[in-house]
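The opening position of the sequence shown corresponds to residue 1 in the UniProt record's numbering, with each subsequent residue numbered one higher. Here's the structure we're looking at; comments come further down.
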Amino acid sequence: MLFTPDMMDRGDARLVPVGDITMGVTLRGAGKPIVFIHGLGWDRRLWAGEAERLAGRYLTVTGDSRGHGLSDKPEGPYSIDMLAADWIGVIDALGLADICLVGFSQGGMIAQTIMRDRPELVSALMLVSTSPASAASTRENMEKRLAAEAVDGARAAAEIAAASIFSPAWRERHPDTLEAFLEWRVTADQAALASATRALYDFDVTGTLPAVAVPTLVVAGVDDVLTKPAGMQKIAELVPGAEYLEVADSGHMIPIEQPAAFSELIDRFLARHFAA
(Lines of atoms letter the chains of each structure in order from A and count residues from 1; the text may use other names and numbers.)
(Lines give C-alpha, C1' and ligand atoms only; values in the text may rest on other atoms or scores of the structure.)
Protein backbone atom coordinates (compact mmCIF):
# COMPACT_ATOMS: atom_id res chain seq x y z
CA MET A 1 0.00 0.00 0.00
CA LEU A 2 2.82 2.41 0.83
CA PHE A 3 4.09 2.73 -2.73
CA THR A 4 0.85 2.80 -4.71
CA PRO A 5 0.10 5.97 -6.72
CA ASP A 6 -3.46 6.23 -5.42
CA MET A 7 -2.14 7.21 -2.01
CA MET A 8 -1.17 10.55 -3.53
CA ASP A 9 -4.88 11.34 -3.75
CA ARG A 10 -5.82 10.68 -0.14
CA GLY A 11 -6.87 13.65 1.94
CA ASP A 12 -7.33 17.19 0.71
CA ALA A 13 -4.57 17.39 -1.91
CA ARG A 14 -3.68 20.88 -3.08
CA LEU A 15 -0.88 22.80 -4.75
CA VAL A 16 0.54 25.66 -2.69
CA PRO A 17 2.61 28.40 -4.39
CA VAL A 18 5.79 29.01 -2.39
CA GLY A 19 8.47 31.36 -3.69
CA ASP A 20 9.67 30.10 -7.05
CA ILE A 21 7.85 26.74 -6.89
CA THR A 22 4.52 25.09 -6.18
CA MET A 23 4.43 22.39 -3.49
CA GLY A 24 2.04 19.47 -3.23
CA VAL A 25 0.37 19.45 0.20
CA THR A 26 -2.27 17.26 1.84
CA LEU A 27 -4.38 18.35 4.80
CA ARG A 28 -6.36 15.95 6.97
CA GLY A 29 -8.54 16.46 10.03
CA ALA A 30 -8.85 19.54 12.22
CA GLY A 31 -7.35 20.88 15.41
CA LYS A 32 -3.82 21.63 16.52
CA PRO A 33 -1.48 21.28 13.53
CA ILE A 34 1.16 18.58 13.09
CA VAL A 35 3.48 19.11 10.12
CA PHE A 36 5.30 16.02 8.83
CA ILE A 37 8.40 16.39 6.61
CA HIS A 38 9.62 13.34 4.68
CA GLY A 39 13.17 12.29 3.87
CA LEU A 40 15.26 12.25 0.72
CA GLY A 41 13.69 10.37 -2.16
CA TRP A 42 10.34 9.93 -0.43
CA ASP A 43 7.23 12.10 -0.55
CA ARG A 44 4.21 12.76 1.60
CA ARG A 45 3.04 9.15 1.22
CA LEU A 46 5.65 8.18 3.81
CA TRP A 47 3.43 9.84 6.42
CA ALA A 48 0.01 8.83 5.04
CA GLY A 49 -0.67 6.21 7.71
CA GLU A 50 0.26 8.42 10.66
CA ALA A 51 -1.42 11.48 9.16
CA GLU A 52 -4.68 9.60 8.67
CA ARG A 53 -4.49 7.94 12.07
CA LEU A 54 -4.01 11.25 13.87
CA ALA A 55 -6.50 13.22 11.76
CA GLY A 56 -9.31 12.37 14.15
CA ARG A 57 -7.63 14.55 16.78
CA TYR A 58 -5.35 16.94 14.89
CA LEU A 59 -4.90 18.84 11.66
CA THR A 60 -2.17 16.85 9.94
CA VAL A 61 -0.13 18.40 7.16
CA THR A 62 2.03 16.36 4.80
CA GLY A 63 3.78 17.65 1.72
CA ASP A 64 6.35 17.00 -0.96
CA SER A 65 9.67 18.79 -0.64
CA ARG A 66 11.13 20.55 -3.67
CA GLY A 67 12.11 17.94 -6.26
CA HIS A 68 9.74 15.28 -4.89
CA GLY A 69 6.22 14.02 -5.50
CA LEU A 70 3.78 16.60 -6.84
CA SER A 71 6.04 19.56 -6.06
CA ASP A 72 7.98 21.37 -8.77
CA LYS A 73 11.37 19.99 -9.70
CA PRO A 74 13.48 22.91 -10.89
CA GLU A 75 17.07 22.48 -11.91
CA GLY A 76 19.52 22.46 -8.98
CA PRO A 77 21.47 23.16 -6.96
CA TYR A 78 19.29 22.70 -3.88
CA SER A 79 20.27 23.25 -0.25
CA ILE A 80 18.73 22.42 3.12
CA ASP A 81 18.27 26.15 3.68
CA MET A 82 16.29 26.31 0.43
CA LEU A 83 14.13 23.32 1.35
CA ALA A 84 13.48 24.77 4.81
CA ALA A 85 12.46 28.10 3.27
CA ASP A 86 9.98 26.23 1.06
CA TRP A 87 8.42 24.54 4.07
CA ILE A 88 8.29 27.78 6.04
CA GLY A 89 6.45 29.22 3.04
CA VAL A 90 3.89 26.42 3.20
CA ILE A 91 3.39 26.89 6.94
CA ASP A 92 2.89 30.62 6.46
CA ALA A 93 0.64 30.18 3.42
CA LEU A 94 -1.62 27.84 5.38
CA GLY A 95 -1.71 30.27 8.30
CA LEU A 96 -0.35 27.72 10.76
CA ALA A 97 1.16 28.53 14.14
CA ASP A 98 2.18 26.65 17.28
CA ILE A 99 2.81 23.50 15.28
CA CYS A 100 4.23 20.14 16.22
CA LEU A 101 7.00 19.60 13.68
CA VAL A 102 8.01 16.04 12.77
CA GLY A 103 11.03 15.57 10.53
CA PHE A 104 12.47 12.30 9.24
CA SER A 105 16.02 11.98 7.84
CA GLN A 106 16.51 14.90 5.41
CA GLY A 107 13.18 16.14 6.75
CA GLY A 108 14.79 16.23 10.18
CA MET A 109 17.55 18.43 8.80
CA ILE A 110 14.87 20.70 7.36
CA ALA A 111 13.06 20.73 10.72
CA GLN A 112 16.25 21.69 12.58
CA THR A 113 16.78 24.52 10.09
CA ILE A 114 13.22 25.75 10.59
CA MET A 115 13.94 25.81 14.32
CA ARG A 116 16.97 27.98 13.61
CA ASP A 117 15.20 30.38 11.25
CA ARG A 118 11.59 30.54 12.54
CA PRO A 119 11.48 29.02 16.02
CA GLU A 120 8.30 30.91 16.90
CA LEU A 121 6.32 28.66 14.54
CA VAL A 122 6.99 25.50 16.56
CA SER A 123 5.62 24.34 19.92
CA ALA A 124 6.93 20.76 19.85
CA LEU A 125 9.60 18.99 17.81
CA MET A 126 10.21 15.38 16.85
CA LEU A 127 13.39 14.38 15.01
CA VAL A 128 13.64 10.88 13.54
CA SER A 129 16.66 9.17 11.93
CA THR A 130 18.43 12.41 11.14
CA SER A 131 21.67 14.29 11.75
CA PRO A 132 22.77 17.71 13.02
CA ALA A 133 25.49 17.99 10.37
CA SER A 134 26.75 16.45 7.16
CA ALA A 135 29.19 13.58 7.56
CA ALA A 136 31.88 12.43 5.17
CA SER A 137 30.40 8.93 5.25
CA THR A 138 27.00 10.27 4.19
CA ARG A 139 28.50 12.11 1.26
CA GLU A 140 30.41 8.98 0.25
CA ASN A 141 27.25 6.87 0.39
CA MET A 142 25.23 9.39 -1.60
CA GLU A 143 27.90 9.81 -4.27
CA LYS A 144 27.98 6.03 -4.60
CA ARG A 145 24.26 6.09 -5.33
CA LEU A 146 24.62 8.87 -7.90
CA ALA A 147 27.53 7.13 -9.61
CA ALA A 148 25.55 3.90 -9.78
CA GLU A 149 22.62 5.72 -11.35
CA ALA A 150 24.88 7.33 -13.95
CA VAL A 151 26.59 4.06 -14.91
CA ASP A 152 24.07 1.31 -14.22
CA GLY A 153 20.74 3.13 -14.08
CA ALA A 154 18.13 4.10 -11.51
CA ARG A 155 17.51 0.52 -10.40
CA ALA A 156 21.12 0.09 -9.28
CA ALA A 157 20.98 3.34 -7.33
CA ALA A 158 17.70 2.26 -5.72
CA GLU A 159 19.26 -1.03 -4.62
CA ILE A 160 22.15 0.81 -2.96
CA ALA A 161 19.66 3.11 -1.23
CA ALA A 162 17.61 0.17 0.01
CA ALA A 163 20.70 -1.51 1.46
CA SER A 164 21.49 1.56 3.54
CA ILE A 165 18.01 2.57 4.71
CA PHE A 166 16.36 -0.81 5.42
CA SER A 167 17.87 -3.23 7.91
CA PRO A 168 18.97 -6.65 6.57
CA ALA A 169 16.39 -8.40 8.75
CA TRP A 170 13.55 -6.26 7.41
CA ARG A 171 14.64 -6.77 3.80
CA GLU A 172 14.66 -10.52 4.34
CA ARG A 173 11.20 -10.53 5.93
CA HIS A 174 9.57 -8.22 3.38
CA PRO A 175 10.84 -9.06 -0.12
CA ASP A 176 7.61 -8.01 -1.84
CA THR A 177 7.53 -4.60 -0.16
CA LEU A 178 11.22 -4.17 -0.90
CA GLU A 179 10.62 -4.90 -4.58
CA ALA A 180 7.71 -2.45 -4.61
CA PHE A 181 10.02 0.19 -3.14
CA LEU A 182 12.66 -0.44 -5.81
CA GLU A 183 10.11 -0.23 -8.62
CA TRP A 184 8.65 2.95 -7.13
CA ARG A 185 12.03 4.65 -6.62
CA VAL A 186 12.95 4.04 -10.27
CA THR A 187 9.99 6.22 -11.30
CA ALA A 188 11.42 9.28 -9.49
CA ASP A 189 12.79 12.25 -11.42
CA GLN A 190 16.45 11.27 -11.22
CA ALA A 191 17.84 14.75 -11.92
CA ALA A 192 15.73 16.28 -9.14
CA LEU A 193 16.67 13.41 -6.83
CA ALA A 194 20.36 14.11 -7.50
CA SER A 195 19.87 17.80 -6.66
CA ALA A 196 18.05 16.92 -3.45
CA THR A 197 20.79 14.42 -2.60
CA ARG A 198 23.54 17.00 -2.91
CA ALA A 199 21.59 19.33 -0.63
CA LEU A 200 22.81 17.08 2.19
CA TYR A 201 26.47 17.87 1.68
CA ASP A 202 26.97 21.28 3.28
CA PHE A 203 24.73 21.17 6.31
CA ASP A 204 25.54 21.94 9.93
CA VAL A 205 23.19 23.33 12.57
CA THR A 206 25.10 21.90 15.52
CA GLY A 207 25.79 25.34 16.91
CA THR A 208 22.13 26.37 16.92
CA LEU A 209 20.66 23.34 18.69
CA PRO A 210 21.24 24.65 22.23
CA ALA A 211 18.81 27.47 21.39
CA VAL A 212 15.91 25.05 20.77
CA ALA A 213 13.40 25.84 23.51
CA VAL A 214 10.47 23.50 22.83
CA PRO A 215 9.79 19.91 23.97
CA THR A 216 11.87 17.70 21.69
CA LEU A 217 11.89 13.96 21.05
CA VAL A 218 14.87 12.42 19.25
CA VAL A 219 14.31 8.92 17.84
CA ALA A 220 16.97 6.57 16.47
CA GLY A 221 16.85 3.07 15.00
CA VAL A 222 19.24 0.76 16.83
CA ASP A 223 20.41 -0.76 13.54
CA ASP A 224 20.54 2.47 11.51
CA VAL A 225 23.79 2.59 9.52
CA LEU A 226 22.97 5.85 7.73
CA THR A 227 22.20 8.17 10.65
CA LYS A 228 23.70 6.21 13.49
CA PRO A 229 22.40 6.38 17.07
CA ALA A 230 25.58 8.15 18.23
CA GLY A 231 24.72 11.12 16.00
CA MET A 232 21.15 11.17 17.25
CA GLN A 233 22.40 11.12 20.84
CA LYS A 234 24.47 14.18 20.01
CA ILE A 235 21.30 16.05 19.00
CA ALA A 236 19.61 15.06 22.27
CA GLU A 237 22.64 16.20 24.26
CA LEU A 238 22.68 19.60 22.56
CA VAL A 239 18.94 20.36 22.75
CA PRO A 240 18.03 21.38 26.32
CA GLY A 241 15.70 18.85 27.92
CA ALA A 242 15.41 16.67 24.82
CA GLU A 243 14.23 13.08 25.23
CA TYR A 244 16.17 10.37 23.38
CA LEU A 245 14.67 7.02 22.40
CA GLU A 246 15.98 4.07 20.42
CA VAL A 247 13.71 1.71 18.50
CA ALA A 248 14.85 -1.90 18.56
CA ASP A 249 14.98 -4.08 15.45
CA SER A 250 14.93 -1.12 13.08
CA GLY A 251 17.29 0.48 10.66
CA HIS A 252 16.89 3.97 9.22
CA MET A 253 13.25 3.55 8.16
CA ILE A 254 11.61 3.39 11.58
CA PRO A 255 8.13 4.43 10.35
CA ILE A 256 8.14 1.49 7.92
CA GLU A 257 10.14 -1.13 9.81
CA GLN A 258 8.44 -0.62 13.20
CA PRO A 259 5.16 1.22 12.54
CA ALA A 260 3.41 0.13 15.75
CA ALA A 261 6.31 1.20 17.96
CA PHE A 262 6.57 4.46 16.04
CA SER A 263 2.87 5.22 16.49
CA GLU A 264 3.13 4.48 20.20
CA LEU A 265 6.03 6.84 20.79
CA ILE A 266 4.33 9.61 18.78
CA ASP A 267 1.18 9.19 20.88
CA ARG A 268 3.14 9.35 24.13
CA PHE A 269 4.98 12.48 23.04
CA LEU A 270 1.81 14.20 21.88
CA ALA A 271 -0.05 13.32 25.09
CA ARG A 272 2.71 14.89 27.18
CA HIS A 273 3.56 17.93 25.09
CA PHE A 274 0.92 18.57 22.40
CA ALA A 275 -2.39 17.25 23.67
CA ALA A 276 -5.36 17.66 21.34
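Backbone N, C-alpha and C define an ideal beta-carbon position, used for all residues, glycine too. Remember, it's a predicted structure, so these values are computed and weren't measured experimentally.
With a beta-carbon spacing of about 6 Å, Gly29 and Thr60 fall inside the 8 Å limit used to define contacts. Annotation: Arg198 to Gly241 spans about 32 Å, alpha carbon to alpha carbon. Under the DSSP assignment, Gly76 falls outside any beta strand (DSSP E); it carries neither an H nor an E label. Collapsing the DSSP output to three states places Thr130 in coil. Rounded to whole angstroms, Asp86 and Val205 show a C-alpha spacing of 18 Å.
Around the beta-carbon of Ala157, 16 or more other beta-carbon atoms lie within 10 Å, marking it buried. A direct Cα-Cα distance of roughly 11 Å separates His68 from Ser195.
In summary, Arg145 is buried, with 16 or more beta-carbon neighbours lying within 10 Å of its beta-carbon over all protein chains present.
The straight-line gap separating the alpha-carbon atoms of Ala154 and Ala275 is approximately 43 Å.
With a cut-off of 8 Å on Cβ pairs, the stretch 127-142 is in contact with the stretch 229-240, counting three or more such pairs. DSSP lists no bridge partner for Ala148. Here Asp92 is actually not in contact with Thr113; their C-beta atoms are around 15 Å apart, not less than 8 Å. In this model, Pro210 and Val239 are separated by some 5 Å (Cα to Cα).
Contact between the stretch 99-119 and the stretch 136-143 is not established, with fewer than three Cβ pairs separated by less than 8 Å.
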